[in-house]
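Numbering-wise, numbering that gives the first Met the number 0 puts 5 at position 6 of the sequence shown, and it's gapless, one number per residue.
Before any comments, here is the structure.
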Amino acid sequence: MKAKYVLFLALSLHSAAAFGAPGRRWESDYRVFVPSSGMPAAASAPRPVQKAEPLWYIGANGAVNFFTWDTTVKNPYNGKSVKDKYQFEPLYGFSFIGGARVSDDWRAELAIGTLGKFTESENNFDFEMTARYAMANAIYAAGDGLYIGAGLGVGMVTANMTSDVFDVTGQGKTTAYSPMGAIFLGYEQLIGKKTMLNLGYRFSMFRGPEGGVLEWNDGGDDWAGSFNMGTVTVNSLELGLKYFF
Numbered sequence: 000m001k002a003k004y005v006l007f008l009a010l011s012l013h014s015a016a017a018f019g020a021p022g023r024r025w026e027s028d029y030r031v032f033v034p035s036s037g038m039p040a041a042a043s044a045p046r047p048v049q050k051a052e053p054l055w056y057i058g059a060n061g062a063v064n065f066f067t068w069d070t071t072v073k074n075p076y077n078g079k080s081v082k083d084k085y086q087f088e089p090l091y092g093f094s095f096i097g098g099a100r101v102s103d104d105w106r107a108e109l110a111i112g113t114l115g116k117f118t119e120s121e122n123n124f125d126f127e128m129t130a131r132y133a134m135a136n137a138i139y140a141a142g143d144g145l146y147i148g149a150g151l152g153v154g155m156v157t158a159n160m161t162s163d164v165f166d167v168t169g170q171g172k173t174t175a176y177s178p179m180g181a182i183f184l185g186y187e188q189l190i191g192k193k194t195m196l197n198l199g200y201r202f203s204m205f206r207g208p209e210g211g212v213l214e215w216n217d218g219g220d221d222w223a224g225s226f227n228m229g230t231v232t233v234n235s236l237e238l239g240l241k242y243f244f
């Protein structure tokens, strides 16, 4: 009889230490509801508390961007034109990003960056083009580190044509703002508790500027011309880091 009493007392002390004073509370390590009787509900099995995953992130990407476009230089006085085609011209750019996880599979992201600067000297003329952009992206986590996404934004392209040989007058520099779209995919891998490395491919498209009329004199002959870049497509390879917080 005494042994049974000691065993009952020990079990009672153990229960008090495990569950504390009667009342409602949440265990720190497990989601266990404790009713007012001081005993756990029969249907409540201990479950680990789900810790909140990082919601926000910032990052930066470096990229090699391969541009394709046509530049048409036209003489408005005689209607003659010359077209130059540029294919997969490599330019180097970078971007800064900031975003948030909106669900288990989706992220929303804002990005600003530059796609690079192109320069060329031909027929005593110097041509320079710089492309920048701002874009909103939607990204889907496809599993196993793979992601796909799409973006819409604005491309800002500045083109300038000058000459050290001819006395050029007129509007040689112009900037165009154009709708810009992109689709992309890639792979990302955690390299720390809050740091992620990503490698991706991006295809984007926008319109280049149309230059004003330039006039110059070549050996006593007066010349004039204007240029039009038309549609610009860019294939990009990106490498970047993201930090979650």
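Glycine is no exception: its CB is placed at the ideal position from the N, C-alpha and C atoms.
Work out the CA separation of F183 and Y176 for me, nearest whole Å.
One C-alpha to the other measures close to 22 Å.
Counting only runs that start and end within the stretch 95 to 148, where is the beta strand (DSSP E) found for 3 or more residues in a row?
Here the runs fully enclosed are 105 to 121 and 124 to 142.
Relative to the C-alpha of T313, which residue among D125, V101 and I96 is closest?
The shown model of the chain, from 0 to 244, leaves out residue 313, and the question about it has no answer.
Would you give the residue range spanned by the beta strand (DSSP E) that K241 belongs to?
K241 -> beta strand (DSSP E) spans T230 to F243.
On the DSSP bridge list, what partners appear for I182?
Partner(s): A149 and F202.
How is K84 classed by DSSP in three states: helix, strand or coil?
Note: K84 maps to strand in three-state DSSP.
According to DSSP, is D69 part of a helix, a strand, or is it coil?
Three-state DSSP puts D69 in a strand.
Excluding five sequence neighbours on each side, which residues of the same chain lie with their C-beta closer than 7 Å to the C-beta of E121?
Excluding positions up to five away in sequence, the list is empty.
Taking Cβ positions, are G199 and G180 nearer each other than 7 Å?
It is not a contact, given that the beta carbons lie outside the stated cut-off.
Among the residues of its own chain, which have a CB less than 6 Å from the CB of M155, if the five just before and after it don't count?
If we look at M155 and ignore the five residues flanking it on each side, its Cβ neighbours are R131 and Y176.
For T230, is the classification buried or exposed, using 16 other Cβ atoms within 10 angstroms of its Cβ as the cut-off for buried?
It is exposed - the Cβ of T230 has fewer than 16 other Cβ atoms within 10 Å.
Assuming I138 and G148 make a contact with CB atoms under 8 Å, what is their CB distance in whole Å?
Indeed they touch by this definition, with Cβ atoms about 4 Å apart.
Taking the alpha-carbon positions, what's the Q188 to S102 distance?
The straight-line gap from Cα to Cα measures roughly 19 Å.
Can you look up K172 in the DSSP assignment and give me helix, strand or coil?
Strand, per DSSP.
Just the Cα atoms here: how many angstroms apart are W105 and F66?
Whole-angstrom Cα-Cα distance: 30 Å.
According to the neighbour-count rule (16 or more other Cβ atoms, all chains shown, within 10 Å of its Cβ), is K241 buried or exposed?
Its Cβ being crowded by 16 or more others within 10 Å, K241 is buried.
Using the C-alpha atoms, what's the distance from G150 back to V233?
Using only the alpha carbons, I get a separation of about 14 Å.
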